[in-house]
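Number 474 marks the last residue of the sequence shown (full-length UniProt numbering); no jumps. We put the beta carbon where it would ideally sit given N, CA and C, even for glycine. None of the values given here were measured: they were computed from a predicted structure.
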Amino acid sequence: MNHVQKLPKLLVGIVFYFLTINLSAQLSNIPSAKIDRWNDAGVAGGIPSLPGSFTSGNSVTVTTKTNAGIQAAIDAAASQGKSWVYLPDGWYNLTGQVNMTSGVSLVGQSKSGVKVLIKFNTGNAFSMYKDSNCGIYRMTISGRFPVGDGTYYVTPTNKWGCSTCNELPAVTNISIQINESNNCWVDNVAINNSGRHPINISNDSHHITIRNTDIKGAFNKGGGANGYFFIQGRDNLITECTVTQIRHISLQGPSSQYNVVYDNVFQQEVSFHAEDAGNNLIENNTITLPADMPTGYYAIMGTWSTQHNMSLADNYIYNNTCVENNHGGAVLYPGQDGAGAVVYAGPIDGKKEAVAAGRTYDHTANFEAEYNGPSGGAIYGGSGSRKAVAQKKELTMEVYPNPAGDRLMLSGCCISKDQIKLFRTDGRQVLDIRVYLEKDMSFIDIGHLKNGVYLVEVKRASGSSEVLKFIKSR
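Right, here's the structure in full:
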């Protein structure tokens, strides 16, 4: 596409308006190769299903609730060829780093019941380094950084990023560091009041999935790359997460490409922060900037500073709902959400580039209409999901319990995992489901889903299908 920054500065606003309003009828369809690449984002084959129970045959249980106790259990599981380390509910004190190991995952008994406290200032609380096929499930991780008199800092003073908001400059701890790793995940986890970054997906990591993870707060949110949800790698998936009160959700660096940020609820901006490689997809997110957030934040931004270079190639945003209450309730990208939405591309300008050329840098006019919206209303997940659900009717096969909490059971058949699909009631497919079979029963792990009404489709070997409705509650 022709970037607006190449045009005379007096025409920038006029050209942007013309492109987004008058040329929409002439837009082409988004290339299928891009869609295919985005649909491969995240863990290959999805996040693995959890077993129905954790026994001495398939797991090692943590008995000492410290970083040393967790590490000992990880090492034991690896040596015994077991995939799971089970953490019973309780308080866990970390005074040093926990090093993950390929093929071994940490599973808390419950997200709210396993409370992990970070009580040291440097390094990483959990580190995935040159790992694959491992992850963290069901726990709450919180910063408790030592004051030095036997007490701990518990809650940051500042809610939002500012130039003087590095409250604990000696604290450089990262809650979860993912470095030179692939096919790893964080699922159904809460991360509160991190020291530096809640999550850092480094520039040499790929096919990472962060799902159903709630991030809130960081003690250091000032300059110098502090307080970031860092997405620096490629082909990663961020979905069904909430994020607020950090400095940036940042896609940045020349390795950041073909990442998918899909179906999240953010009270934080999404930034193409510094020289990402482009082709990242921001789709179907609700981004609401609170009224007390500084006005330097916009829902979906280009570069933050004149120190940063703009994206190396176009990124794409589609069907997001963006409201900027810090700018008087302004709705960003009118027509971006709902029927008739088109695919926008950009950023078309960078702050450094605009200043150097004498242009006015405008975050509100920094993406332009590039492609028609997909016919099925979704890029990630393909275009057929809505139509597929709309054409089916409910039949009689039984699901229980209903409402369901963490696990849904299907009775009356024994089927393979690939015969089960899960949909929201608006027709969007839940792609990353966890199914396992036991005797004549089929189970779906739904603990990571948000509360609401869902449809489960079961396709018979004969080719016929049944669709059952259930309620996720709890």
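Query, Result
"Whole beta strand (DSSP E) elements within the stretch 117-168, 3-residue minimum", "124-129, 135-143"
"Beta-carbon separation (whole angstroms), D337 vs N320, contact threshold 8 angstroms", "6 angstroms"
"Any non-hydrogen atom of the ligand ATP within 7 angstroms of G358 CB", "As for the ligand ATP, it is missing from this structure, which has no ligand bound."
"CA nearest to the CA of M301, picked from N264, Y361, G340", "Y361"
"Buried or exposed (CB count within 10 angstroms, at least 16 for buried), residue 475", "What is shown of the chain runs 1 to 474, which leaves residue 475 out entirely."
"N264 classed as buried or exposed, judged by whether at least 16 other C-beta atoms fall within 10 angstroms", "buried"
"Cβ-Cβ separation, M128 to S181 (assumed contact under 8 angstroms), whole Å", "5 angstroms"
"The stretch 162-172 in contact with the stretch 298-312 per 3-pair CB rule at 8 angstroms", "no"
"CB of W91 within 8 angstroms of CB of N58, strictly", "no"
"Start-end ranges of the beta strand (DSSP E) lying completely within the stretch 64-114, minimum 3 residues", "84-87, 90-94, 105-108"
"Beta-carbon contacts of I249 that lie in its chain and below 7 angstroms, excluding the five residues immediately before and after", "F229, V243, F266, Q268, E269, V270, S271"
"Nearest-angstrom beta carbon gap, R234 and D432 [assumed within contact, 8 angstroms]", "Actually they do not touch by this definition, with Cβ atoms about 18 angstroms apart."
"Minimum length 3: unbroken beta strand (DSSP E) runs contained in the stretch 21-55", "none"
"L395 to L468 span [Cα, whole Å]", "Low per-residue confidence applies at L395: pLDDT is 35, beneath 50, and the placement is therefore not dependable, though the value from the model is reported in the following sentence. The straight-line gap from Cα to Cα measures roughly 7 angstroms."
"DSSP state of V355 mapped onto helix, strand, coil", "helix"
"Supposed contact pair Y258 and A41 - C-beta distance, whole angstroms, cut 8 angstroms", "7 angstroms"
"Contact belief for I348 with N366 at Cβ below 8 angstroms, rounded distance in angstroms", "6 angstroms"
"CA nearest to the CA of R144, picked from N93, G222, F126", "N93"
"Residues that T321 bridges to, as DSSP identifies them", "T286"
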